[in-house]
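Novice: Below is a structure I'd like to ask you about.
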Amino acid sequence: MNYQVDKKGFYGNFGGAYIPEMLVPNVEELRNRYLDIIQEESFQLEMDELLRDYVGRPTPLYLAKRLSEKYNTTVYLKREDLCHTGAHKVNNTIGQILLARRLGKTRIIAETGAGQHGVATATVCALMGMECIVYMGSVDMERQKPNVERMKMLGATVRPANSGSKTLKDATNEAIRDWINNPVDTHYIIGSVVGPHPYPDLVARFQSVISEEMREQLIDKTGSPNPDYVIACVGGGSNAAGAFYNYLSEPSVNLIAVEAAGQGVYSGHSAATTFLGKPGVIHGSKTLLMQTEDGQITEPYSISAGLDYPGIGPMHANLFETGRAKFYSITDTEAFNAAMLLSKLEGIIPALESAHAIAVLENLPLKKDDVVVINLSGRGDKDLMTYITRKDEFTK
Amino acid sequence: MTSTNINNKLTQLFSTKQKGLLNIYFTAGFPQLENTRTILKALQDGGADMVEIGIPFSDPLADGPTIQESNDAALNNGITLKKIVQQLQGMREEIHIPVLLMGYINSVLQYGVEELVADLSALGVDGLILPDLPVDEYKEKYQELFEANNMSMVFLVTPQTSVERLKYIDEASSGFIYVVSTASTTGNEAKDLAGQKEYFERIKNAKFNNPTMIGFNIKDHASYTEACNYANGAIIGSAFIKMLGNSHLLEKDIKEFVSFVKQG
């Protein structure tokens, strides 16, 4: 079975480009040109150089000995937290800014939830000297002040999204509205494997460097490119897309996607889209999304701002529907404690998002000789205030 | 020509009147949940030639602040697509002008496309406008269903729409072509019709099978008149919603609004 996007922009029953006519010329231009551009030799040379010298790739594949001991198996951490800006997000923004330049665009827009993608976008815009406008829900701006300041320091304009629930989905709506109003000079750098085709495929390709490196690194360390498990957290799903990408057609590799259960899958405060969602259209693609019977998109909840998105990328909806990936959900409490555990056992403070992927080790039927790779998508600096202020609540 | 397959109040209107048609958009369930029928009747009595009833959606990404806020207010009032269908029961006893529903594809998918088209057809609704439904998908999956139910499907074109695509959209449309005046979300006060003459001329001379209506950023008598120079009529949304939000005497204010737009 093929889990990649088809010619019409679909992953099985999911994907497509459900966009108003105002966006069609921009999205078509991107669709017609993205593959040619990213396959050009000059593009690849420039991208490889920046990923190496600016981002710090390849990121290490680290054998987590004490964590392995605890779970009586072999756990490797793919250290995306060591990327410049502190998360995997920059892999995509580097690729898209190079693409935007080749499309002749001069103005960059982006959406951000916790601010990680906003920072990664502001960073590459500074690098290339391009105008950058980041939309961020006004509620999120209040919750993530240091990242707002980071973006400003990098020269970006941060515009509050005051519509709807004033969080990530509304920031995405505002970015799309900006693109409608600026159809000629602007490129929209989407931060996850969401949005109209070709975005899910484009972002997945730029993140696929994660599993490309994993394969090479595993050969060195274990003799085989294929582990038994690849584990990644899923909000929209960009780090999971990158970690799964080169294993999609290796059925021996178990792909484990971890969603945020928030306060519990059925608590009414959750972001576990595959458990709670139904097929529908959000931000230009058909996928699974959390919504009312009337089709109104509902506000998700997770302690981790990077996972509280009401949909998942169409690629993941298809991996769920076909059973190629198994989906688990992890509560705030479980993720919080996994972050504490990893900090103490390995000296690595993970982002709350990535802590969800660590926490799922408790739920998997792991054997001693299994090789498990966890994509450690980001570092925990941005979550330090949560780790400090909510410790008593989660660890009693 | 697709539209010959369809015979409803919308196609009948265009066969008898080709100039100066005024189409007014309003959000169902706004300002109050039960205002839908009142507004519809007042628009007809005031002289609107057709109406579009907006289906409120939580994430209306082609809309500017005015329509977004009316959607939020209507959803808070408890509107749903099912309630809109209920509110329109018996509408044709008093409403004789064409009525279309406009909204986002997700609302329709959750209701069920076949169920909705059947229900709307029974109510006497003439057409649907779903800006985020791809033209390809409509042709492939739904065109037969719409035609079998005498239901028009209106697609949008913009200043950036290529010549080939204009033709393609015209072939898929039935009822009229919704000509988006500028590259814009709805009700964008930073944009107006100045500088759009060349685009409007292009549309006027395009020899479409379908009639054309210009919408987005039409707000008063002057912009309505300007749009009518190039199309069969004009569509007003945000300016009307804004008026509704401030109105204390809906029926009187609606009639005055329509009269002001038409006569100046």
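One line per chain: the protein sequences are A and B, in this order. Counting from 1, one number per residue, gives the positions in the first sequence under our numbering. Counting from 1001, one number per residue, gives the positions in the second sequence under our numbering. We treat Cβ as the ideally placed atom computed from N, Cα and C, and that holds for glycine. Bear in mind that the values here come from a model prediction, so they are computed numbers and not experimental data.
I'd like the list of long-range same chain contacts for F320/A, defined as Cβ closer than 6 Å, with 5 residues on each side in sequence excluded.
Specialist: T274 and F327, listed in sequence order.
Novice: Any contact between the region 341-357 of chain A and the region 376-396 of chain A? By contact I mean 3 or more CB pairs, one from each, below 8 Å.
Specialist: Yes, since at least three Cβ pairs between the region 341-357 of chain A and the region 376-396 of chain A fall closer than 8 Å, the two stretches touch.
Novice: Can you tell which of N13/A, V209/A and I282/A has the C-alpha that lies nearest to the C-alpha of K89/A?
Specialist: It is V209/A whose Cα lies nearest to the Cα of K89/A.
Novice: Do you know offhand how far G380/A's Cα is from W179/A's?
Specialist: Spanning the two alpha carbons is a distance of roughly 32 Å.
Novice: What residues from the region 160-190 of chain A come within 7 Å of chain B, judged by C-beta to C-beta, listed N to C?
Specialist: Answer in chain order: S163, G164, K169, N173, I176, R177, I180, N181 and P183.
Novice: What are the uninterrupted segments assigned as beta strand (DSSP E) that are 3 or more residues long and contained completely in the region 43-70 of chain A, given in chain order?
Specialist: Within the region 43-70 of chain A, the complete beta strand (DSSP E) runs of at least 3 residues are 61-63.
Novice: Apart from the five residues just before and just after M1001/B, which ones in its own chain have a Cβ nearer than 6 Å to its Cβ?
Specialist: Low local confidence applies: a pLDDT of 42 at M1001/B is under 50, so the model's placement there is unreliable, with the coordinate-based value given in what follows. Here the set comprises N1209.
Novice: Name the chain B residues that come within less than 8 Å of G16/A, Cβ to Cβ?
Specialist: Within 8 Å Cβ-Cβ: P1134 and E1137.
Novice: Pairing CB atoms from the region 1072-1090 of chain B with CB atoms from the region 1025-1033 of chain B, are three or more of them under 8 Å?
Specialist: Yes: the two stretches touch, three or more of their Cβ pairs being nearer than 8 Å.
Novice: To which residues of the same chain is S1003/B closer than 8 Å at the C-beta, ignoring the five residues directly before and after it?
Specialist: For S1003/B, the pLDDT reaches just 45, beneath the cut-off of 50, and the residue's location in the model is therefore unreliable, although a value from the coordinates is still provided. Once the five neighbours on either side are set aside, the close Cβ partners of S1003/B are T1011, S1152, S1173, S1174, G1175, N1209 and N1210.
Novice: Which bits of chain A does S1070/B rub up against, with CB to CB less than 9 Å?
Specialist: Going along chain A, no residue has its Cβ under 9 Å from S1070/B, so there is no contact; the nearest lies around 12 Å.
Novice: So for I133/A, helix, strand or coil by DSSP?
Specialist: DSSP places I133/A in strand when its eight states are reduced to three.
Novice: Let's see if you can read the secondary structure: which residues bound the beta strand (DSSP E) around G262/A?
Specialist: Per DSSP, G262/A belongs to the beta strand (DSSP E) from N254 to G262.
Novice: When DSSP builds the beta bridges, which residues end up paired with T1212/B?
Specialist: BP columns for T1212/B point to I1177/B.
Novice: Compute the Euclidean distance between the alpha carbons of E216/A and D369/A, then round it to the nearest angstrom.
Specialist: Cα to Cα, the separation comes out at about 20 Å.
Novice: Cα separation between S1259/B and S138/A?
Specialist: Their Cα atoms are separated by approximately 40 Å.
Novice: Against chain A, does Q1160/B count as a neighbour if the rule is that its beta carbon must be under 9 Å from one of theirs?
Specialist: It does: the Cβ of Q1160/B has a partner Cβ on chain A nearer than 9 Å.
Novice: How should H117/A be labelled, buried or exposed, when 16 other C-beta atoms within 10 angstroms of its C-beta is the threshold for buried?
Specialist: Result: buried.
Novice: Output yes or no for whether 9 Å exceeds the beta carbon distance between L1101/B and L1120/B.
Specialist: Yes, these two residues count as a Cβ contact at 9 Å.
Novice: By alpha-carbon positions, which one of V1099/B, K1204/B, N1229/B and N1149/B ends up nearest to I1006/B?
Specialist: It is N1149/B whose Cα lies nearest to the Cα of I1006/B.
Novice: Check whether the Cβ atoms of T1185/B and G1054/B lie closer than 9 Å to each other.
Specialist: The answer is no: Cβ separation not under 9 Å.
Novice: Pull up the distance between the alpha-carbon of V360/A and that of F1240/B, whole angstroms please.
Specialist: Taking the straight line joining both Cα atoms gives about 53 Å.
Novice: Tell whether a beta-carbon distance below 9 Å holds between V158/A and M130/A.
Specialist: The answer is no: Cβ separation not under 9 Å.
Novice: State whether the region 59-73 of chain A contacts the region 103-113 of chain A, with contact taken as three or more CB pairs (one from each stretch) at a distance under 8 Å.
Specialist: Not touching, per the Cβ criterion.
Novice: Within the same chain, show all residues whose beta-carbon is closer than 7 Å to that of L1033/B, passing over the 5 residues directly before and after it, in chain order.
Specialist: N1077, G1078 and I1079.
Novice: Strictly by DSSP, which residues pair up with P279/A?
Specialist: Looking at the DSSP assignment, P279/A forms a beta bridge with L288/A.
Novice: Out of curiosity, what's the CA-to-CA distance linking S211/A and I176/A?
Specialist: Going by the C-alpha atoms only, they are around 30 Å apart.
Novice: When burial is assigned at 16 or more other CB atoms within 10 Å of the CB, is S1015/B buried or exposed?
Specialist: Exposed, since its Cβ has fewer than 16 Cβ neighbours within 10 Å.
Novice: Could you tell me which whole beta strand (DSSP E) segments of length 3 or greater appear in the region 1003-1045 of chain B?
Specialist: If we require 3 residues or more, the beta strand (DSSP E) runs fully inside the region 1003-1045 of chain B come out as 1021-1027.
Novice: Given a threshold of 16 other Cβ atoms within 10 Å of its Cβ, counted over all protein chains shown, does H316/A qualify as buried or as exposed?
Specialist: So H316/A counts as buried.
Novice: Which residue wins for smallest C-alpha separation from I189/A, given the options I97/A, Y54/A and I282/A?
Specialist: Ranking the options by Cα distance to I189/A, first place goes to I97/A.
Novice: Once DSSP output is grouped into helix, strand and coil, what is the label at C125/A?
Specialist: It is helical.
Novice: According to DSSP, is Y76/A part of a helix, a strand, or is it coil?
Specialist: Note: Y76/A maps to strand in three-state DSSP.
Novice: Using DSSP bridges, identify the partner residues of R479/A.
Specialist: With chain A represented from 1 up to 396, any question about residue 479/A goes unanswered, as that position is not in the structure.
Novice: With a cut-off of 9 Å, does the C-beta of E346/A fall near any C-beta of chain B?
Specialist: Closer than 9 Å: no.
Novice: Quick check: Q1068/B and D294/A, are their CB atoms within less than 9 Å of each other?
Specialist: Going by C-beta atoms, Q1068/B is not nearer than 9 Å to D294/A.
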